[in-house]
């Protein structure tokens, strides 16, 4: 019997929404305060440097041909480094997605606590979110794509409005505050800032479900450019309007800044934060299940590779969703799961960039691959070094 194919339901807007869904999640609502506390106004340089690093990886990804259902993130790795390396990195990506889902759900719990939800109900609410979006994805990519479109608009537009309203309040003295910066604090800030930039590749993962595979490249570049622009403008507005020290003192820096421009601003941002995290949860479930299904196909695991009658990788979705729920039951710590998710996704970023650098014909793609490999390799090495030091 012929293998059932994916349903090709996703257009350019849906692919961009999935990419933005993966990037603009829980991280941007927390990381600005942490980075400002470590570096002061110089945190803006960390946001720029990490954004350029992610942009280099995105450009390298966009240079990969989108042939058939082969996921562009792993296709050049397979060709340059071999099947075993590609399979291991696909496994790392699936684990990163599962840890990412758990991180997002833990963030949802933190925001529900902000709204006064009793602590005993937070974990059930987090698991309920997983089950709801698992159900949406099981119905099929058309519904999960439509949900992502709606959620992405609902979170991106308010963030743009907040940034634009804060810009007139920027005070030059807030951007000139002197603060001693050490290598260790700069490294710590870079690691924190990298989390909000991860996920841009999700728009390229469901390539087999795109109506026109040629738009995948455009989607990746649009996501990378939009994310870098939004993060730089938002962080400039945050630091410049209320100051790095005030920003760092709040666990919810965007909400704090919103209170400066509107009554009840923190409540509005709390709702936007939950919407953003639901959007990211949907995107991560979709991405992790597609990579797991691709890995199962390569390893001839028929049960996991088989698509449902609706064209959804049901077994892969259930495994990813179940893994997320299990992690939440084992450890509901936002910082731990976020760190593990970043480390696990950096390895595929590094391998992709190195493979494109070695195999691409275009000079621009090779340059992007080299820049992406050097920067992500450095961040990965520093993150592992920091983890070893912390453990010691």
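Residue numbers (this note's numbering): 3 to 394. Idealized CB from N, CA, C, for every residue including glycine.
Buried or exposed for residue i, please, with buried defined as at least 16 other CB atoms from any protein chain shown within 10 angstroms of its CB.
| i | result |
| --- | --- |
| residue 4 | With a pLDDT of only 46 at residue 4, under the threshold of 50, the placement of this residue in the model should not be trusted; the figure read from the coordinates follows. Exposed, because fewer than 16 other Cβ atoms sit within 10 Å of the Cβ of residue 4. |
| residue 292 | buried |
| residue 217 | buried |
| residue 370 | buried |
| residue 185 | exposed |
| residue 415 | This structure cannot speak to residue 415, because the chain is shown only from 3 to 394. |
| residue 382 | buried |
Can residue i and residue j be called in contact, C-beta distance under 9 Å?
| i | j | result |
| --- | --- | --- |
| residue 38 | residue 240 | yes |
| residue 60 | residue 169 | no |
| residue 29 | residue 198 | yes |
| residue 388 | residue 200 | no |
| residue 195 | residue 52 | yes |
| residue 215 | residue 308 | no |
| residue 31 | residue 265 | no |
| residue 22 | residue 220 | no |
| residue 179 | residue 137 | no |
| residue 15 | residue 151 | yes |
| residue 139 | residue 284 | yes |
| residue 305 | residue 317 | yes |
| residue 352 | residue 372 | no |
| residue 377 | residue 54 | yes |
In chain order, what residues of the same chain have a beta carbon less than 6 Å from the beta carbon of residue i, not counting five sequence neighbours either side?
| i | result |
| --- | --- |
| residue 258 | 252 |
| residue 226 | 57, 60 and 202 |
| residue 391 | none |
| residue 267 | 260 and 261 |
| residue 326 | 100, 103, 104 and 132 |
Please state the DSSP three-state secondary structure of residue i.
| i | result |
| --- | --- |
| residue 294 | helix |
| residue 212 | strand |
| residue 12 | strand |
| residue 72 | coil |
| residue 184 | coil |
| residue 150 | helix |
| residue 196 | helix |
| residue 2 | The first residue shown for the chain is 3 and the last is 394, placing residue 2 beyond what the model contains. |
| residue 117 | coil |
| residue 112 | helix |
| residue 92 | helix |
| residue 80 | helix |
| residue 231 | helix |
| residue 247 | helix |
| residue 128 | helix |
| residue 353 | helix |
Below 7 Å CB to CB, which residues in the same chain sit around residue i once its five sequence neighbours on both sides are set aside?
| i | result |
| --- | --- |
| residue 183 | 41 and 44 |
| residue 12 | 143, 147, 208, 211, 212 and 213 |
| residue 242 | 172, 173, 176 and 177 |
| residue 323 | 132, 136 and 287 |
| residue 149 | 138 and 284 |
Can you determine whether any heavy atom of the ligand MN sits closer than 8 Å to the C-beta of residue i, and answer yes or no?
| i | result |
| --- | --- |
| residue 151 | Of ligands this structure carries none, so the ligand MN is not represented either. |
Identify, in the order they occur along the chain, each residue of the same chain with its Cβ nearer than 8 Å to the Cβ of residue i, setting aside the five sequence neighbours on each side.
| i | result |
| --- | --- |
| residue 263 | 164, 167, 168 and 171 |
query: Would you call the segment 102 to 117 and the segment 83 to 92 in contact, with 3 or more CB pairs under 8 Å?
result: no
Contact between the segment 155 to 164 and the segment 266 to 274 (3+ Cβ pairs under 8 Å): yes
- prompt: Looking at C-beta atoms only, is the number of pairs between the segment 109 to 129 and the segment 363 to 370 that lie closer than 8 Å three or more?
  reply: no
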